[in-house]
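In terms of this note's numbering, the sequence shown opens at residue 11 and continues consecutively. Report on one structure; see the data block that follows.
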Amino acid sequence: MPIYEYSHPETGKVIEVIQGMTDKHTFVDDQGVEWKRVFNLPNAAIDTSVNPFSEQEFVDYTAKKGMTAGEMMDLSGELSKKRENSKDNGIDPVKQKTVTEYEKKTGKAHPNKSGNKPRTL
C-alpha cells in the first residue's frame with residue numbers, strides 16, 4: 011500500500027500514513043485536526059548519459075544493462091562521435107590512441123585510418 015505524507019497545519023510536523031490507493035486521502039488526528047496532504051515529486055531514476063571520456067562508466071553502464079556485443083559497439087561509436095565533437099580539433103583521443111598503438115605494434119597503417127576504407131565482412 012502506498013505511503014502518503016501529511017503536514018500539521020499549525021506545527022508543520024510531517025507524518026507518513028499508509029493508505030490504499032482507493033481510500034479517501036485525508037488524515038484527522040485524535041484532536042480532530044485535519045492535516046494537509048503533502049505532494050512530493052516521485053523518486054524516479056532515469057538513465058543518465060555515459061561520460062564519453064570515462065572507461066569505467068562505460069564498463070559499469072554496459073554491465074548493468076546486460077548489453078549484447080552489438081549494442082556495446084553501437085554505444086562505443088556514439089561515444090566516439092561525442093568525443094570528436096567535444097574537442098576543438100574534431101579528433102577522438104581514444105580512437106587516435108588505438109590507431110597509434112596499432113601502427114606502432116604492426117608497423118602498418120590502421121585499416122580504418124582516414125583515407126582508408128573500412129573493411130567489411
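For every residue, glycine included, the Cβ atom is placed at its ideal position computed from N, Cα and C. Fair warning: this is a prediction, and the values are worked out from it, not measured in the lab.
Original post:
Are P19 and V43 close, meaning C-beta to C-beta below 9 Å?
Top reply: For the purposes of this step, residue 19 is taken as the residue at position 9 of the sequence shown. For the purposes of this step, residue 43 is taken as the residue at position 33 of the sequence shown. Between P19 and V43, the C-beta spacing is below 9 Å.
Subject >> First and last residue of the uninterrupted beta strand (DSSP E) at S17 >> reply: Here the question's residue 17 lines up with position 7 in the sequence shown. Here the beta strand (DSSP E) through S17 covers I13 to S17.
**OP:** May I have the straight-line CA-CA distance separating H35 from K75, to the nearest angstrom?
**Re:** For the purposes of this step, residue 35 is taken as the residue at position 25 of the sequence shown. For the purposes of this step, residue 75 is taken as the residue at position 65 of the sequence shown. Near 38 Å, if we compare the C-alpha coordinates of K75 and H35.
Subject >> Through-space distance from T78 to S59, alpha-carbon basis >> reply: Here residue 59 corresponds to residue number 49 of the sequence shown, with the count starting at 1. Here residue 78 corresponds to residue number 68 of the sequence shown, with the count starting at 1. If you take the alpha carbons of S59 and T78, they lie about 18 Å apart.
Original post:
Once you ignore the five residues that flank F37 on each side, which residues in its own chain have a CB closer than 6 Å to its CB?
Top reply: For this step, residue 37 is matched to residue 27 along the sequence shown. Same-chain partners within the cutoff: Y16, V27 and W45.
Original post:
Of the choices Y14, G117 and K105, whose alpha-carbon is the least far from that of T32?
Top reply: In the sequence shown, counting from the first residue as 1, residue 32 sits at position 22. The option with the nearest alpha carbon to T32 is Y14.
Subject >> Residues that DSSP places opposite R93 in a beta bridge >> reply: Your numbering for residue 93 matches position 83 in the sequence shown. DSSP output for R93 lists no bridge partner at all.
**OP:** Identify, in the order they occur along the chain, each residue of the same chain with its Cβ nearer than 7 Å to the Cβ of K123, setting aside the five sequence neighbours on each side.
**Re:** On the sequence shown, residue 123 is found 113 positions in, with the first residue counted as 1. Closer than 7 Å at the Cβ level, and outside the excluded window around K123, lie V109.
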